[in-house]
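Residue numbers (this note's numbering), protein chains in the order written: chain V, 1 to 306; chain F, 307 to 490; chain H, 491 to 906.
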Amino acid sequence: MEDNNNKDNKSPTRRDFIKLMSMGTLAGLSLGSTSCSQMDMEEFLQKRFVEMSAEEKKRVIQRLEEKYLKKYGKQFHISTQAAEPGVLWGYGLDIARCIGCRRCVYGCVAENNPSRVSPQLHWIRVLRLKKGSLINLENSEHYYNPETVPEPGFQYLPVQCQHCDNPPCVRVCPVKATWKEPDGLVVVDYNWCIGCRYCIAACPYKGRVFNWAEPKIPTAELNTEVHYLGNRPRMKNCVDKCTFCIQRVRQGRYPACVEACPTGTRKFGNLLDPNSEIRYLIENKRVFRLKEDLNTEPKFYYFFSA
Amino acid sequence: MIFRHYTASAYEWARPMKKILLFSAAIMIGIAFSASAMQQQHNEFPATSPPFSPGIFPCNACHEGLPVNAKRRELKDEHTSIKLRHAEQDRWCLDCHSATNRDKLKLADGESIDFTESYRLCGQCHGNIYRDWKAGIHGKRVGYFKGGKRTYFLCVSCHNPHDPKFKPIKPLPPPIRPELNNGR
Amino acid sequence: MEAWRFFKRTVHMVFFGTKGYYLWCAFLLTIIGVAIAFYMKQLEGGLIVTNMRDQVSWGLYIGNFTYLVGVAAAAVLLVIPAYIYHFNPIKEIVVLGELLAASAIIMALMFVIADLGRPDRFWHVIPFIGILSFPDSLLAWDVVVLNGYLILNTIVPIYILVKTYFGKEPNKKFVIPLVLLSIPWAVGIHTVTAFLYNGLGARPFWNASILAPRFLASAFCSGPAMAIIIFQVLRKTAGMKIKNEALFKVAELIAYAMFINLFLLGAEIFKEYYSATIHLAPMEYLYQGLHGHDSLVPWIWSALIMNVTAFVIFLIPRTRKNLITLNIASVFLIVGVWIEKGLGLIVPGFIPDTLGEIYEYLPNITEIAVSLGIWAFGLLIFTLFMRIAIPIQRGDFIHSKYNHVVVEPQYDKIKP
């Protein structure tokens, strides 16, 4: 115990050390908090969309619209329209009619505010396959660029998120940032995604893309009618994907790709409505789905009308 | 043509008048029903208007006074820009266009129809496609697919009736190859 | 007061040492500094500064993560002989083996964070505070088991060291159950990591039942090989008492593990090449090249040659018991298994991608720099652990009440 008294005079004691450390920590923390604004703090602490109360959702939408106004100089209208009961969205694609013109790709781009360059994100990918083989996608060409399409001897297969009923991407997400809505749409909460890209590894259809950098969208081409879970402008390092134009279909409009197609290749409707177009074609045409052996139950029906 | 159901209005001050009017109204309703039955309820296709070239319609502006030459031939004086490539071995102009009234088209049973209903004419030969089009799975639709705000496109909106085969078009650019972005 | 003395002495041991020690730390710190600069660039610009793209969305970071989870799991191989076969020469290195496992797990977790697009949203993964999708997502399982393993592998060594510091014998009733728990847990962490890849039907290269056994077999080669090298270094620089017999026993066990690894590899190659379905494509890309793309071919063949050579060296007692060939083989194993399990597992899983496209991925300078930085950080952490643990184990760094003549840790050569 004599040690104690001797040491006190000569060298700093434990008490002094602890005092110094705690003051330093407090100073550091307070400095950190002043640099963050109130909005950033709220965004950081934001809950997952599904867990939010109606009040919280309203506040989040307000904050986001403010943020987009500041960032892009445009007034966005962010909808949080929920799914209607008795609806299960399905998509039909007529391989006999697709000519590989890619107007669906760019129609989607115009509607859904993806990054245009570095990275260029296309939710739809059109594959060119030689006639005679449709299933071995290893023989596909993604970057065909002839003078005119369709090219003789080839057929075209557009692929996008299939909105599976048994989605592997939803199962593997560690934070449940992606889930299946009641009307069958597989959506992403862009503010909850941590960017681990496990879902991209899990998707058998390359339905998901990653915002490898801050999205670059020309301000003039921004679409301001957006849905929180759909085409609102995203941020860097989060995942996004086709949402069957959730902002359109929940209001009863066709998705942008359906309207963009010049040959009427694309069909859309409610699988639970026996009078819908999609039900008619499933019943009357020969439909198949991609990679059905993986049991993902996609809702994207390919068929041949001729 | 869209038939409207005529309703009888009651003229209180003329009973005999009322009887006559009711009777004629009943006849007209009867005609309306039978006519719409013949037309198979096609009036529920809210279709776009026919894509006429500017100034070409109404055709009777020129054809009203012209004599009718029903001989199958290649046209030399007018309409020379129309090259028929649509069953041209078996058909020519007056098989579809009504010879007596150029503002109408002609069905196989002789019925005259307006250009706004041209799908009935196409559907005579292209029955499978017609059936799919009516169900909404052939060709293009835009707008709202719920609640009747859907807009159909006429056959001729996409297919030139004289040369219907689609020409190849220039594709939009392919996606940027990922290698080009490396290390950016 | 004793805690303050302990703190002062550890600070002294960490910041003062021989010239070799300073050089080593300076070397590691430089690499770490460069890595931090590159990582800031990655945080600023987004993951586009790496070579990963939608087609190959996992790369060097996840490859390193997989490898390091294996190294961490392999600490168990050192524990089993000590406690199950009562092979006493190994007992001394158990604590240090577990600290090696802890450093490896810390590195693995850092690689995951480096790969994460939004590390600022990391709190989303914490159960009850965020949302952890347990038990559906294998990544959620990984979060739980890896952190649990880290806690286990820090509690046990710290407990043993603290007890040794106080001159007391560690309570076997506390230590042995935890150590016995860490054996299946180690198998668990690597199985869960294997299942991460295994469970994806979209990637046929990984969707093979053989993946989890191969992971364990290759982990039990690379981890102990690393331990063999590290313990020889510690023997030279820190005077740690390790008998050669211990090293040779570990090498023998590695030989068995490598046999299983090579056998399983053979089984995979037969299945893919004989039935030759379209699922052969990733393996063909790896070993031969596919449609003219062959950047991984020289890598995997070097790895195969290194692994087979090391296996033969470890199998033959004469070469196993010769320290020079032993060390060469250990280095071969460390590098060979890294290639096979890091780049050679992750990248071919994405080539060709799900729509048949081939995007050749090789890491770029940012990824290499950040990876080297994390490795350097792990080695630094391990060095600091050793700086403190070895003197305690040797009995030189002990509670002041045991009036030992020697208070300064000895760093001269000490014969084993």
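Cβ coordinates follow ideal geometry from the N, Cα and C atoms, glycine included.
Non-local beta-carbon contacts of H/Val-860 in its own chain, meaning distances under 8 Å to residues more than five positions away in sequence, involve Ala-525, Phe-528, Tyr-529, Gln-532, Tyr-551, Ala-604 in chain order.
In the three-state reduction of the DSSP assignment, V/Lys-291 falls in the coil class. In the DSSP assignment, V/Ser-79 falls within the unbroken beta strand (DSSP E) covering 77–79. Looking at V/Ala-202, V/Ile-194, V/Arg-128, the one whose alpha-carbon comes closest to that of V/Asn-139 is V/Arg-128.
Look at the beta carbons and you see the region 215–227 of chain V touching the region 111–124 of chain V: at least three pairs across the two are nearer than 8 Å. Going by DSSP, H/Phe-705 is part of the alpha helix (DSSP H) stretching over 701–728.
At least one CB atom of chain F sits nearer than 7 Å to the CB of H/Arg-543. Proximity of chain F to V/Pro-168 at the Cβ level (cut-off 7 Å) is not reached, the minimal Cβ distance being about 23 Å.
Note that the region 465–473 of chain F touches the region 387–400 of chain F; at least 3 beta-carbon pairs, one per stretch, sit closer than 8 Å. Going by DSSP, V/Lys-267 is part of the beta strand (DSSP E) stretching over 266–270. Under the DSSP assignment, V/Lys-47 falls outside any alpha helix (DSSP H); it carries neither an H nor an E label. Here DSSP, grouped into helix, strand and coil, assigns F/Ala-353 to strand.
One finds nothing in chain V with a Cβ atom closer than 9 Å to the Cβ of H/His-889; even the nearest lies about 13 Å away.
In terms of Cα proximity to V/Val-187, the closest of V/Pro-158, V/Arg-232, V/Asn-223 is V/Arg-232.
Here H/Phe-505 is exposed. Its C-beta has fewer than 16 other C-beta atoms within 10 Å.
Following the DSSP letters along the chain, one finds V/Tyr-156 inside the beta strand (DSSP E) bounded by residues 154–159. Cβ-Cβ separation between H/Met-748 and H/Ala-800: approximately 7 Å, consistent with a contact (criterion under 8 Å). Note on geometry: alpha-carbon atoms of H/Lys-761 and V/Arg-125 lie some 32 Å from one another. Residue H/Ala-493 holds the alpha-carbon nearest to the alpha-carbon of H/Phe-656 among H/Lys-831, H/Ser-820, H/Ala-493.
Contact of H/Tyr-512 with chain F is not assigned, every C-beta pair being separated by 7 Å or more. Boundaries of the alpha helix (DSSP H) around H/Gly-863: 855–884. Between the region 809–829 of chain H and the region 735–743 of chain H there are three or more C-beta pairs closer than 8 Å, enough to call the two in contact.
In this structure the region 192–204 of chain V touches the region 604–621 of chain H; the number of beta carbon pairs closer than 8 Å is three or more. Using a CB distance cut-off of 7 Å, V/Cys-257 does not count as an interface residue toward chain F. Excluding sequence positions up to five before and after V/Val-87, its CB lies within less than 7 Å of the CB of Asp-183, Asn-270, Leu-272, all in the same chain and listed in chain order.
Listed in chain order, the non-local C-beta contacts of V/Gly-207 below 7 Å within the same chain comprise Gln-160, Cys-161, Gln-162, Lys-241, Cys-242, local neighbours out to five positions each way being set aside. Restricting attention to F/Phe-451, F/Cys-464, F/Pro-474, F/Lys-476, the CA atom closest to the CA of F/Ser-355 is found in F/Cys-464. Under DSSP, no beta-bridge partner is assigned to H/Val-665. F/Asp-415 and F/Lys-382 have their alpha carbons spaced roughly 29 Å apart. For V/Lys-291, the closest alpha carbon among the candidates V/Cys-203, V/Arg-102, V/Val-50 is that of V/Cys-203. Of all residues in the region 417–446 of chain F, the ones placed with a Cβ closer than 7 Å to any Cβ belonging to chain V are Asp-438, Ala-441, Gly-442, Ile-443, His-444, Gly-445, Lys-446, in chain order. Our two residues, H/Leu-776 and H/Gly-834, have alpha carbons roughly 7 Å apart in a direct line.
Along the region 126–140 of chain V, the positions whose C-beta sits under 8 Å from a C-beta of chain H are Leu-127, Asn-136, Leu-137, Glu-138, Asn-139, Ser-140, read in chain order. In the assembly as shown, H/Thr-508 is an exposed residue. Its beta-carbon has fewer than 16 other beta-carbons within 10 Å.
Under the rule that a run must span 3 or more residues, the beta strand (DSSP E) segments found entirely inside the region 58–120 of chain V read 77–79, 89–94. Annotated three-state conformation of H/His-783 is strand, per DSSP.
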